[in-house]
Structures are given as C-alpha cells and as structure tokens.
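Written below as structure tokens is the structure these notes are about.
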Amino acid sequence: MTTVRQRRVGKGTEAAEDQPSEETNVKPDGKIPSDPTGRKLWNILAITVGGIVAISLGLLTSVYVATLHENDLWFSNIKEVEREISFRTECGLYYSYYKQMIQAASIQQGLHGLVYDNKTESVRTINILERMNVYQEVFLSILYRILPIQQYLEPVYFYIYTLFGLQAVYVIALYVTSWLLSGTWLSGLLAACWYITNRVDTTRVEFTIPLRENWALPFFAVQIAAITYLLRTHLQPVQERLTLMAVFIATFLFSLTWQFNQFMMLIQALALFILDCLDMLPTAKVTWLYIIQISGLLLVCVLQFFNSMILGSLLISFNVSVLIARTIQKNLKKGGLLNRLGKLILHVLLVLCLTLLINKFIKKILNLESDEHIFKFLKAKFGFGATRDFDANLYLCEEAFGLLPLNTFSRLSSTLLFYAYGFVLFLLTVAAVIVAFRNLSGSSQVQLKEKMEEYTVTLRPDAAYSLVHTVLFGCLALSTMRMKYLWTSHMCVFASFGLCSTEVWKLILKCLHLYTSQRTQVIKYSIPIITLLYISFKFWPGIMDELSELREFYDPDTVELMNWIKSSTPNTAVFAGSMQLLAGVKLCTGRTLTNHPHYEDKNLRERTKQIYQIYAKRSPGDVYAILRSFGTDYVILEDSICYERRHSRGCRLRDLLDVANGHIMDGLGENEPDLKPSLYPRFCEEIKKNLPSYTMHFTRVFQNKTFHVYKLAKHK
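Numbering (the working numbering), first residue to last: 68 to 783.
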C-alpha cells in the first residue's frame, strides 16, 4: 500500500463593465446610453486591476497545489521509481505513454509505438491514440523534446508543472465567469477564494496529477466562461464570432483530454434544451452551441482514428435529434399557455424518441458495446433491478461512484459557500419559474406589462444558463461523488455571482419595499467584503499550517517489487495482476501487461474478469489455463486484495467474483438462494501452501509483506 508518513528532517470596489447592472432584459429597440469619458477611464482601470488580481490568484493557486504536492511526498528528494509509483492506478498508465514518447529514439518512432502498441495488452496490438485520451501526453513530450530545457528541467517536472499551471487557467476562468455574471471583479475574487479554501472538494490535482479530469476541467471552465459571454445581449457580430471560436476551441480541448467528455456535454446540452424550450435563451445561439458540441466531438473522433464510442455517444444523437425536431415543429414558441405546453410535451417526446432511435441505429451499425458497462452501472445504481454483472458491481462498490457524503456539505458550509449558494439558488429558481411561466403564457399584453412594471422579475440569459447548469451538475454530483468537482467549482462561481449581483439585491429590497439604488450598491459590495474577511481570518492560519506540514513518500514493498521486476525478469516478460498495480508495473519497468485500468473496452473488461479469477475459487489448472491464454509469464498476488477488509461483505473483490461465478461468498451473512458452494478453495490463499497441484504450474519467485510473485511453468 502506498502511504505518506511524517517527514524525518535529516538536513475594493469598482463599477461594472459593459454589462448593464440595473436593468438586465433590455428591450430590442432600447439603446444603451453612451458612457462619459470619466466612466470609460474608470472601467478601463477596473478591468486592469481585476485582470491583475485574476492572474495573480491563478498563479498563487498553482504555486499552492505544487507546494502541497512537494510537501506531501518530498517529491524532489525521492528516487525516480518512487516518483513513478506515486502516480497511482490509471494515473501511472497515462504518464507511462509520456515517458515512452520521451525515451523513444525519435518522435516518429514514439508515435509508431503508440499506434501499434503490443505491451499494454498482451497478445494484442492496440492503437493507444484511438483507445485512450493521451494526446496531451504526446503534445507535452514533443514540446519537451524540441524546447532547450532538458538540462534544466527533468521530464517529470515539466509534466507536473504543466498540470499545476492549468490550475491557474482553471481559477482564472472561474474568476472571469463570475465577473461576467455579476459585473464586478470582486465577485471573481470571492469565487477564487472559495475555490482555494474548499480545495478538498473542488480539486484533487495535487495527488492525482495525470488524471484526465485535471487536464479537461480547466478547458471546461474556459468554455463556460465563453458561453457566459456569448449569452450577453448587444454583442457586436465580430465579438460573437470570436466568442463562438473560443467556445469551439475550449470544447474541442475538453473533449480531446477526457473520455467522459460526451456525458458532461450531454448534461450541458440538456441545460440548453430546457432553457430554449422555456424561451429563456436566444434560439440562434443555442443552435450554434449544439453544432459546436457536435463538430468538436467529431473532430476528436477523427483524431482518435474514428473511435466508435464517440460516434455512438448519446450527445451526438441528442443534438441531432433536437435540430431535426426543431425543423419539424416550426411554431413551437407561438400560442397561449396550454397550447405551448402541449407543443412542448410533444417536442420533448419527439426528441427523446429520435435520440433513442438514432443512438440505437448507430450502435447497431457500428456493433458498439464499449460503453454498455456504464449503462448497466446506471441501471443498477438507480434501482432498476439488481445485477450480478461483475463490471457494474465493481463500480457500485467503489466509494467514488456512490452518493455524495453528507460531510461534504458541512465542509462547504464552514466557508459559508453552501449557505450563500443555497440563498442564491432559491432566489434565482423562483425568478426562473416566474420568467418561464410568463414566457410560456405569452404575457406580452401591454396592460399586463404596465401592471407588472414595478415588480417585474427578469433573468438574463447568462444567469439562466448558470442556474440550470449548476442544478443539473448538482444532481450529478449528489448521485456520483466522483463528479462533485464539476459542481463544486461552479458552485463557487454561482454563489459569488449572486452575492455581488445588483439584480439579486434589487429584487430582495423591492420585495421588502426597501429599494434604493444607493442601498443596493452598499449591500452588493459590503456582503462580499465581509465574507472575504471572514474567510481570510478563519482559514489563513490553517492554510499556513498546511503549507508548513512536511511528509514523505513511503511504500517500500512496492519499490522492492518494481526493482526486482526490473533486475530479475526479461524485458519481454508478461505480467498479470490487479489493474491498479499493473499500471505501475508498466510505468516503472516497461514490462508487458495482461490488463490495465482504462476500462472503456469490452474485450478488456472480459479479459480483466478472467485475470481476476486468481482471487476467486477456481482450480489451479483453470487459473493456469486462463493466464497462459493471455501469454502470462508472471502473476502478482496482493494480500490486500486476497484478504481485503476495506469493503464490507458483498463488495470485496473476491465476493464480486464469487457471485459472478455462482458461488457462495465467504463469511457470515446471507447468500442468494441459487448460489452454490465452490468445489475448490480460493486460489490466492491455497497457492501459498505449495501443494503439488499448484507447484506443477506455479513457482514462487518473489515475496514480501504485500506481494507474492509466481512464475508460470511453460508446459508443452
């Protein structure tokens, strides 16, 4: 087990920008009054100061997470093998391709090795660029080779500093989004401070550096910032075209760097669809965003050698269905309330049916089954029948794919973030319901307008999008803990925007009959400043203590294993074992693997289930035959899996295998009635007894407190 241990020491306020701050839904024929020269100079000064603050906070965040990483592992002092082991599970697999490209004789040979890879999956040649999102590793390795920095910077530092640098982009994008929504950079400052003080729930980059989401989320944040700007009113054609280009580039980079991009953008597309149906967004801009999503994903598909999982994604099917349905139903936004509701229900049903039909057709044509484990997992997770499917249960039993723990909210509340978020969410949800009802009712009559003039509730398109975005991603986070980082970062933006919004405070004061322009401005700036002061006084000492705490990487058993593999096995040796460990074996030793943690392939999932029979109740002959069918020379058994106590009964890996094999589980507890006792004992336990039936196939060649390595006999 990889652990860390205690290190042993041996040696103000500003005006809003061009966003209208008082009246938001400007009439089509209305004109925005021109600013006097003094006002323009003040805006330029505010933008300059706000920009400097944004860049400073971004850089400080990068330094902060880099320092935490160094302090936690003593990364600069540990050996190369220890640095590589610190890239745990799939992180190590992704980093191995960067290392492979760096060590290749040339860029061309490195690329050839990725396109025709026969070391990641034994007895198979696969295209890594098609199967995995590793173009970022390819780009970084090429950049490292051509830049004159080899003498000054090790490859591993170039890699991790790039990821920490992306955190600066992430924070700046969140800052800018909040600034655009509220019209004041004070909002961006508050959003960035909340992101930093809630680091445990907003990012995990400092201990899972190569994880795909750490590459992708900064670009997703940039995309959201660009969409926020795009949804503003009164953009010039040139501004709109440039913003659409920014949205496309950010969407493309987000899609290129994360295999789960299609599911995140599907939620985004649902947000656009809901708002468009309720007439809260300009239809032309929504159409462009649908097209950008499709084109960005298709471009990634081309770069990934026409990856079938992308072509069969629900996102493409959904976006195409929306565009087709809109063409069929041209008068969707005309008529009274009942008329529009009827049309809307038909429209939703049409889109849903078309999406399912198109997706089913594409998957049938392409014979696509790569993502079926995700839908099995979702079906079981939301209670649509129990399953014995090994892959689905593997996800269900992982804490990261469970419900969001309740202690998350207590942590978010300690910084006042959750309280502010709930307050703003409630107000804007009420406003959205009122605006949606008014839009669907066609309440445009002059008399009704005059009657409601004083208390009219408005919601700008960018604020409406931010509201639905945070609600949908909040639902995702509540259902799946691993996805909370998509929600909590935007929570910082949404809450800070609400506290600094003129419209929010104006609405509250008008409802209380206390509204004046001056009072609104005072509250708009005083509440965020008080919040910032509270955060600073409460969390600054803790951050300083955190930065001063020094630890050290400590995993001698894994280090010993990797050193033994490098020194005592041939370079062509094939290793079998757990997915997580084998990723480290590939990175540290370069040996060939039977399986690995990148699970988005049906053949690999079936292969992994077969390899994992080493922890099931199977005969030595069966296990030997399975391992040899994949060309295995050595198998690594881990006591932490064989005698697992981390999960409860029913969720231990050996239990999942027993149920999948139709065998009764170990230990006290209930079993399903059709499960039967196995004819054989558990392989990983019985092999250690050195019985003849085992030694004729397996010879132990390495052992320490954690790992047991057996060499397979090569029978004729």
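Even glycine gets a Cβ: it sits at the ideal position worked out from N, Cα and C.
{"Asked": "Could you tell me whether the Cβ atoms of Val-314 and Gln-290 are closer together than 8 Å?", "Found": "yes"}
{"Asked": "Out of Leu-539, Asn-200 and Lys-186, which has the shortest C-alpha to C-alpha gap to Phe-340?", "Found": "Leu-539"}
{"Asked": "In this structure, how does DSSP classify Tyr-777 when only helix, strand and coil are distinguished?", "Found": "strand"}
{"Asked": "Quick check: Ala-259 and Leu-241, are their CB atoms within less than 8 Å of each other?", "Found": "yes"}
{"Asked": "For His-730, list the residues DSSP reports as bridge partners.", "Found": "Lys-743"}
{"Asked": "Taking buried to mean at least 16 other C-beta atoms within 10 Å of its own C-beta, is Val-497 buried or exposed?", "Found": "exposed"}
{"Asked": "Which residue from Ile-681, Cys-655 and Thr-661 puts its Cα closest to that of Phe-154?", "Found": "Cys-655"}
{"Asked": "Between the alpha carbons of Glu-307 and Met-347, how many angstroms are there, rounded?", "Found": "18 Å"}
{"Asked": "I need the boundaries of the beta strand (DSSP E) containing Ile-703, first residue and last residue.", "Found": "701-705"}
{"Asked": "Kindly provide the ranges of any beta strand (DSSP E) runs that are 3 or more residues long and lie completely inside the stretch 249-287, ordered along the chain.", "Found": "none"}
{"Asked": "Between the stretch 127-143 and the stretch 261-281, can you find at least three pairs of beta-carbon atoms closer than 8 Å?", "Found": "yes"}
{"Asked": "My guess is that Cys-818 and Leu-378 are in contact by the Cβ rule of under 8 Å, so how many angstroms apart are they, rounded?", "Found": "The requested residue 818 is not part of the displayed model; the chain covers only 68 to 783."}
{"Asked": "By DSSP, does Gln-770 sit in helix, in strand, or in coil?", "Found": "strand"}
{"Asked": "Using the Cα positions of Leu-495 and Val-560, report the straight-line distance between them to the nearest angstrom.", "Found": "14 Å"}
{"Asked": "Leu-483 by DSSP, collapsed to three states: which one?", "Found": "coil"}
{"Asked": "Ignore the nearest five residues each way along the sequence and tell me which others in Leu-553's own chain have a CB closer than 6 Å to its CB.", "Found": "Phe-540"}
{"Asked": "So Leu-779 and Thr-699 are supposed to be a Cβ contact under 8 Å. How far apart are they, rounded?", "Found": "6 Å"}
{"Asked": "Can you tell me which of the three DSSP states Ile-216 falls into?", "Found": "coil"}
{"Asked": "For Lys-669 versus Glu-439, is the C-beta spacing smaller than 8 Å?", "Found": "yes"}
{"Asked": "With a threshold of 16 other CB atoms inside 10 Å of the CB of Asp-741, please say whether the residue is buried or exposed.", "Found": "exposed"}
{"Asked": "Quick one, are the C-beta atoms of Val-571 and Ala-643 less than 8 Å apart?", "Found": "no"}
{"Asked": "Taking just the CA atoms, how far does Ile-429 sit from Asn-398?", "Found": "30 Å"}
{"Asked": "Note down, one range per segment and in chain order, each alpha helix (DSSP H) of at least 4 residues found wholly within the stretch 378-451.", "Found": "381-395, 404-433 and 439-448"}
{"Asked": "Leaving out the 5 sequence neighbours to the left and right, which residues in its chain are closer than 8 Å to Leu-723 when beta-carbon positions are compared?", "Found": "Phe-457, Asn-460, Leu-461 and Cys-464"}
{"Asked": "Given 8 Å as the limit, is there contact between the stretch 147-166 and the stretch 646-655, that is, 3 or more CB pairs closer than that?", "Found": "yes"}
{"Asked": "Quick one, which of Arg-712, Leu-390 and Leu-342 has its alpha-carbon nearest Val-502's?", "Found": "Leu-342"}
{"Asked": "So what's Ala-643 in DSSP terms, helix, strand or just coil?", "Found": "strand"}
{"Asked": "Enumerated in chain order, which unbroken segments of the alpha helix (DSSP H) with a length of 4 residues or greater are wholly contained in the stretch 295-336?", "Found": "304-324"}
{"Asked": "Find the nearest neighbour of Arg-279 within the set Leu-320, Leu-364 and Pro-103, judged by alpha-carbon distance.", "Found": "Leu-320"}
{"Asked": "By how many angstroms is the C-alpha of Leu-178 removed from the C-alpha of Thr-773?", "Found": "36 Å"}
{"Asked": "What's the C-alpha gap between Pro-304 and Lys-352?", "Found": "12 Å"}
{"Asked": "Can you have a look at Pro-277 and say buried or exposed, based on whether 16 or more other CB atoms are within 10 angstroms of its CB?", "Found": "buried"}
{"Asked": "Can you check the stretch 652-722 for any alpha helix (DSSP H) of at least 4 residues that lies completely inside it and give the ranges in chain order?", "Found": "669-678, 687-696 and 706-709"}
{"Asked": "Helix, strand or coil for Ile-145 per DSSP?", "Found": "coil"}
{"Asked": "For the putative contact between His-730 and Pro-744, defined by C-beta atoms under 8 Å, what is the C-beta separation to the nearest angstrom?", "Found": "7 Å"}
{"Asked": "Where does the unbroken alpha helix (DSSP H) through Glu-137 begin, and where does it stop?", "Found": "104-140"}
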